[in-house]
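Here's the structure we're looking at; comments come further down.
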Amino acid sequence: MLRYTLLRILRALITVTLIVSLAFVILRLSGDPAIIILGPEAPPEAYAAFRTNWGLDQPIWIQYLKYFGAVSQGDLGNSMRDGRSALQVVGERVPLTLAITIPALFLKILIGLPAGICAALYRNTYIDRLIMTVSVMGFTVPSFVLGLVLALIFAVKLGWLPSGGSDTWQHAILPILTMGLIGAAVIARFTRSAMLEVLGQPYIRSASAKGLVWREVVTSHALPNAAIPTLTIVGFMVGSLVAGAVVVESVFSWPGVGRLLVTAVANRDLAVVQVILLFIGFTMVFANLTVDLLYGWVDPRLRTKQLQAGS
Amino acid sequence: MTLELNDPKSIAEDSGSGSVFTAKDRLTAFFETWPPLVLFALFWIAFSAFVVAFAPLIAPYDFMSMDLPSRLTPPVFFGGVWTHPLGTDELGRDVLSRLIISIRISVVIAFLSTLIAATLGVTLGFLAAYFRGRVEQLILILIDAQASMPFMIIALAVLAFLGNSLTLFVILMGFYGWERIARIARGLAISANEQGYATAVRDLGASPWRIYSRHILPNIASTLIVSMTLNFPEVILLESGLSFLGLGIQPPMTSLGNMVGYGRDYIQSAPWIMLAPSVAIVLTTLSISIVGDWMRDLFDPTLK
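First to last, the protein sequences are chains A and B.
Everything in the first sequence is counted per this note's numbering, starting at 1 for the first residue and increasing by one.
Everything in the second sequence is counted per this note's numbering, starting at 1001 for the first residue and increasing by one.
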């Protein structure tokens, strides 16, 4: 177990290094980082200070190391728009994003999990077909189309809900619904195939052969085993709590991190983009690591098997 | 049509077999091999392919030509006129013509990007399978890193830092999904290496290049094509998402996401501007996914 944990942590560290390297590479490819981070109107002393601070006059590999130093200290430059620290600008948007992504995550699980289990238990019946058809739609309808159609129905035609902004709690309903429905389709499909896989296993046959009631077989044998692969997709969704709302926030003018990212990209406010890239990278890696460790804890087989396979 | 076929007389004439039941069974059998949904999907794909090939010829107007007096004309059955079957937008541009050109651009970008992703994925997957050891570990780490980051965030960051041009955009989209194809290609190549035919040509003295390109690749092609097919609609979704945000295809060029993006401002007064491209996106991605799933079931021997 210790080896498994250490290996996972090592891999998470490698991924973090790669993400920081990616940020470094695209930052350097795009021109002089001093101008990019500080903006074109900064005083010359600021450029000079920045260059010595980040070691831009030194060889590239020293710059690379210094960049890691700057990142680890949270020294990531200022937003071009109001001159405040980019970290602070991003930080104050995070609660707004979480305010819609966390309820959406619950909605996804609440709809997706029972739907997927239901579809698997009633395989090849009308229930299954209906659930799967709706689920395929969820995969292929882009979130901005679903969002706009919901806005068209509930805001424009019926006038029940506001179509954009964040003043009242009603403003959050449509974004949450949009993300929740699409995510539920993904979870339903995943849960269904995980359940089907488990239901075909010999131990399910033994369980029903020894005379267990079918309900008992499902709740105490099938569900716990099907939970493991489903955990992965839910883990990925937890990781993308901040990242997953880019499009939906833009559709409903919800002032979260995603909306900030889009405006920052459009205005080329690169310090902010960089902070969001790193921030999302770190949350994703952390969530994946947590899921991996949970995995090993839930399923003892993985601890040994994955080590041998090496992947 | 079904009614006609259920009529014994017409079936007898049609099939010439004289038995009602054979003909009926044939019909059922036909729909079993070709489910109606798949037929519909294939029809839409063929139609889109036609549109992509002949876009400038079928578009009734130039997609950029403006006609201000007839702006915001509704589609034909909603009070519009046949000269603009899907209505016009806020500058009087014909929505149908713009839609046709947009389908072309979106599909071509998705196609080129999927080809890039497949080339990259297969190359890296094969390299991992051939060298094993450290090279393989490195490639696996890259795959893991790519899979752990939402691609849209990376794409947005790259667009922010490097600016936007059509070439860069296509290449960027080409990075989408390479890691899945690489993972599949590696796994398949490793198991193919252990099969008789690969060993046989190796013992005959064939070079690794020859073994991989002439023997292993054709043998695993069907699975790779399926995963490419499933990658395709996702690229369309990604491209239209970025274009919707105004960060993908730039005007005066147009793409499906682009049309939805500016149609959003007219959602109250002229919802057709946004609905027409939305329907096109959904039909296209849905059709390709249906065909992809169907092909996977056909090619996957474990499901039979």
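Beta carbons are placed, not taken as given, at the ideal position from N, Cα and C, and that holds for glycine.
Under the three-state reduction of DSSP output, A:N225 falls in the helix class.
By the rule that beta-carbons nearer than 7 Å mark a contact, A:T290 does not touch chain B.
Bounds of the alpha helix (DSSP H) holding B:N1258 are L1256 to G1263.
Per the coordinates, the alpha-carbon of A:R3 lies some 52 Å from the alpha-carbon of A:E41. Taking a cut-off of 8 Å for Cβ pairs, the region 104-115 of chain A and the region 231-248 of chain A touch, as three or more such pairs fall below it. Under the three-state reduction of DSSP, B:D1094 is assigned to strand. Inter-segment contact for the region 1135-1144 of chain B and the region 1102-1116 of chain B is absent: fewer than three beta-carbon pairs are separated by less than 8 Å.
Annotated three-state conformation of A:T15 is helix, per DSSP. Proximity of the region 141-155 of chain A to the region 216-234 of chain A falls short of the contact definition, fewer than three beta-carbon pairs being nearer than 8 Å. Taking 7 Å as the threshold, the shortest C-beta distance from B:A1046 to chain A does not fall below it.
Taken in chain order, the members of the region 1158-1171 of chain B whose beta-carbon sits within less than 9 Å of a beta-carbon on chain A are V1158, L1159, A1160, F1161, L1162 and G1163.
Interface with chain B (7 Å Cβ-Cβ cutoff): A:P142 is included. Boundaries of the alpha helix (DSSP H) harbouring A:H171: Q170 to L199, taken from the DSSP string. Listed along the chain, the chain A residues whose CB falls inside 8 Å of the CB of B:L1124 amount to none; the nearest CB is some 14 Å away. When Cβ pairs closer than 8 Å are counted between the two stretches, the region 1285-1299 of chain B is seen to touch the region 1214-1228 of chain B, the count reaching three or more. At the C-beta level, B:L1286 and A:V265 stay beyond 7 Å of one another.
DSSP places B:T1114 within a helical segment (H, G or I) once states are collapsed to three. Taking the C-beta atoms as reference points, A:L260 is found no nearer than 7 Å to A:R8.
Under the DSSP definition of a beta bridge, A:N78 partners with A:S85.
B:T1088 carries a strand assignment under DSSP once its states are collapsed to helix, strand and coil.
Taking A:V262 as the centre and dropping the five residues before and after it, the same chain places the C-beta of S250 closer than 6 Å to its C-beta, in chain order.
Residue nearest to B:E1194 within the set B:I1211, B:V1158, B:A1182 and B:L1230 is B:I1211 (criterion: CA-CA distance).
Interface with chain A (7 Å Cβ-Cβ cutoff): B:M1152 is included.
Against A:M284, the close residues of chain B are S1148, M1149 and P1150, in the order they occur along the chain (beta-carbon pairs closer than 8 Å).
The C-alpha of A:D299 is placed about 8 Å away from the C-alpha of A:I228. Listed along the chain, the chain B residues whose CB falls inside 7 Å of the CB of A:G281 are M1149. Boundaries for A:L152: no alpha helix (DSSP H) harbours it, and the DSSP string shows neither H nor E there.
Distance from the CA atom of B:A1049 to the CA atom of B:F1043, rounded to whole angstroms, is 10 Å. Under the three-state reduction of DSSP, A:Y203 is assigned to helix. Counting only residues of its own chain and dropping the five nearest sequence neighbours on each side, B:I1143 has a CB closer than 7 Å to the CB of E1179, A1182 and R1183.
For A:G183 and B:T1199, the gap between their C-alpha atoms comes out near 45 Å. Within chain B, no C-beta atom comes nearer than 7 Å to that of A:L76; the closest sits roughly 13 Å away. Shown in chain order are the members of the region 1-24 of chain A whose Cβ falls below 8 Å from a Cβ of chain B: R11, I14, T15, L18, I19, L22 and A23. Residues of chain A with a Cβ closer than 8 Å to the Cβ of B:A1145 are, in chain order, I14, T15, L18 and I19.
Chain order gives the chain B residues near A:V136 as L1286, S1289, I1290 and D1293, where near means a beta carbon separation below 9 Å. For A:I26, the nearest CB of chain B lies under 7 Å from its own CB, placing it at the interface with that chain.
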